[in-house]
Structures are given as structure tokens and as C-alpha cells.
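Before any comments, here is the structure.
Residue numbers (the working numbering): 12 to 133.
So, in C-alpha cells, the structure goes:
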């Protein structure tokens with residue numbers, strides 16, 4: 012899997028953070044229809060061939076975003092939060108921020124080839 016086509020997303024109640032590409036471009040959006048539209052209209056999302064959006068399971072907070080992405084034809088996989096925590100720990104990452112989590116979510120797929128994912132194809 013080409014790591015430039017994997018997008019990691021960390022979702023919270025009111026917002027979500029996105030990590031795109033191997034140079035760790037990051038963005039912050041409202042967890043709302045407005046934020047979903049802003050994500051879909053990013054040049055890097057519109058111009059790249061995205062193979063997979065990877066999202067941390069967060070109760071119900073991630074569900075609307077998953078639905079929007081799937082309705083727009085994107086493959087989506089949901090990651091077990093424990094996997095993210097353990098992966099961060101294994102990499103020696105001690106501080107925890109939403110943007111850092113989005114990077115880690117993306118790296119899990121790049122490094123593991125997709126093991127530990129729920130949902131969409133890999």
C-alpha cells in the first residue's frame with residue numbers, strides 16, 4: 012500500500028484531526044457537516060488517489076464521518092483505540108495530542124499493512 016494514499020483521522024466529540032501523506036500534513040476540522048465538507052474539499056484529498064481513510068473508533072463520534080466518506084466512495088477502516096495506545100507506547104511516544112494520534116493512526120497502516128483494522132478493505 013502506498014503510504015501517500017493513507018489518511019489517518021483522530022475523532023473527538025466536537026472536532027477531528029487529519030494526517031495526510033508521508034510529510035505529516037495535518038488539519039483540524041469541526042466534527043460537523045461543515046467540517047466534513049472542508050475535508051472533502053482539501054486539494055490533497057481531491058487531487059490524490061486516496062486508498063484508505065483510517066479512523067480511531069470513538070464511541071459514536073466517528074460514525075457520521077465514516078458515513079460521509081463511504082457515501083463519497085472512499086474506503087474507510089476503523090482502528091481499535093487500544094491498538095493506537097499500544098503502538099504509540101511501542102514507538103516511545105509519551106505525550107498525547109489529537110494531531111499526534113492522527114499521525115500514529117496513519118503510521119499503523121503504513122507499518123503494519125493494515126493488521127488490527129475493523130471495517131473497510133485493506
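Just so it is clear, CB atoms sit at the ideal spot from N, CA and C, and this is done for glycine as well. Note that the structure is a prediction, hence the values are computed from the model and not measured.
Inset, instruction - Quick one: using the 10 Å Cβ neighbour count with 16 as the cut-off for buried, is residue 21 buried or exposed? - result: buried
Legend entry - residue 112 vs residue 99 beta-carbon contact at 9 Å: In this structure, residue 112 sits near residue 99, with a CB-CB distance shorter than 9 Å.
Inset, instruction - Enumerate in chain order the residues of its own chain whose CB-to-CB distance from residue 68 is below 8 Å, with the five nearest sequence positions on each side excluded. - result: 89, 90, 91, 92, 129
Legend entry - Same chain only: Cβ atoms within 7 Å of residue 39, ignoring 5 sequence neighbours per side: Residues 26, 28 of the same chain have their beta carbon placed closer than 7 Å to that of residue 39, with the five preceding and five following residues left out of the count.
Inset, instruction - State the start and end residues of the unbroken beta strand (DSSP E) segment that holds residue 76. - result: Unbroken run through residue 76 is the alpha helix (DSSP H), 74–82; no beta strand (DSSP E).
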